[in-house]
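J.: Residue numbers for the sequence shown, in full-length UniProt numbering: 1 to 126. The structure follows.
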Amino acid sequence: MARPVHFEIHATDPERAITFYTTVFEWSFERSGTDPYWLITTGEGSGIDGGLAQREGPMPDPDASVNAFPLTMEVSDLDLLTREVEQAGGNVVIAKRPIPEVGWITYCRDPEGNLFGMLQPDPSAE
1 MARPVHFEIH
11 ATDPERAITF
21 YTTVFEWSFE
31 RSGTDPYWLI
41 TTGEGSGIDG
51 GLAQREGPMP
61 DPDASVNAFP
71 LTMEVSDLDL
81 LTREVEQAGG
91 NVVIAKRPIP
101 EVGWITYCRD
111 PEGNLFGMLQ
121 PDPSAE
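Printed below as a string of structure tokens:
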């Protein structure tokens, strides 16, 4: 069985992306080597870490439907984090909605146009 072990974010403006993810999720970034690449530490415990790379093409179309393989973060307060996403320059693409017996999910874009999800576990969600 293959498990995800690493994720990667591509950014036209890496410093803007670093500021966004540090502000919203408190991730830490460390420059790796001479290429424009940063290692991302997402926290302690279960989960995966990733990397941030300089984008080599145009930004995603802001009007495109969900057409990626989005990374979803588990959060304890979806409403609070959604506000923080917007205050940090991101936007909501799909509003908060229930996944019955799992929790509440929303999809957002970071200031670089990258799609990601946030899930607040809640077995009573309907």
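Note that beta-carbon positions come from the ideal geometry of N, C-alpha and C, so glycine has one too. Quick caveat: nothing in here was measured; it's all calculated off a predicted structure.
Classify Ala53 as helix, strand or coil using the three-state DSSP reduction.
T.: Ala53 falls in the strand class under three-state DSSP.
J.: Once the 5 residues before and after Asp122 are set aside, which same chain residues still bring their CB inside 7 Å of it?
T.: Cβ within range, chain order: Gly103, Trp104.
J.: In or out: Leu80 buried (at least 16 other Cβ within 10 Å) or exposed?
T.: Exposed.
J.: Could you round the C-beta distance between Ile40 and Val5 to whole angstroms and report it? I think they count as a contact, below 8 Å.
T.: That belief does not hold up - the Cβ atoms of Ile40 and Val5 are roughly 13 Å apart, past 8 Å.
J.: Indicate whether Val66 and Tyr21 have their beta-carbon atoms separated by less than 9 Å.
T.: Not in contact: Val66 and Tyr21 (Cβ atoms no closer than 9 Å).
J.: Considering just the uninterrupted stretch of the alpha helix (DSSP H) at Ile40, what are its terminal residues?
T.: From DSSP, Ile40 is part of no alpha helix (DSSP H) but of the beta strand (DSSP E) over 37-41.
J.: Given this structure, state the Cα-to-Cα distance separating Thr34 from Ala17, to the nearest angstrom.
T.: Going from the Cα of Thr34 to the Cα of Ala17 covers about 19 Å.
J.: On the three-state DSSP scale, how would you describe Ile105?
T.: In this structure, Ile105 counts as strand in the three-state DSSP scheme.
J.: Take the Cβ of Ile9 as the centre, count every other Cβ of all protein chains shown within 10 Å, and call the residue buried at 16 or more, exposed below.
T.: Flag for Ile9 reads buried.
J.: Apply the 10 Å Cβ neighbour rule to Asp77 and answer buried if 16 or more other Cβ atoms are within range, or exposed otherwise.
T.: That one is exposed.
J.: When you compare each of Gly89, Glu101, Arg83 to Ala95 by their alpha carbons, which one comes out closest?
T.: Ranking the options by Cα distance to Ala95, first place goes to Arg83.
J.: Which class does Phe29 belong to by DSSP, given the choice of helix, strand or coil?
T.: DSSP places Phe29 in strand when its eight states are reduced to three.
J.: Would you mind stating whether residue 127 and Leu119 have Cβ atoms separated by less than 9 Å?
T.: The structure shown does not extend to residue 127, since the chain is modelled only from 1 through 126, so no value can be given for it.
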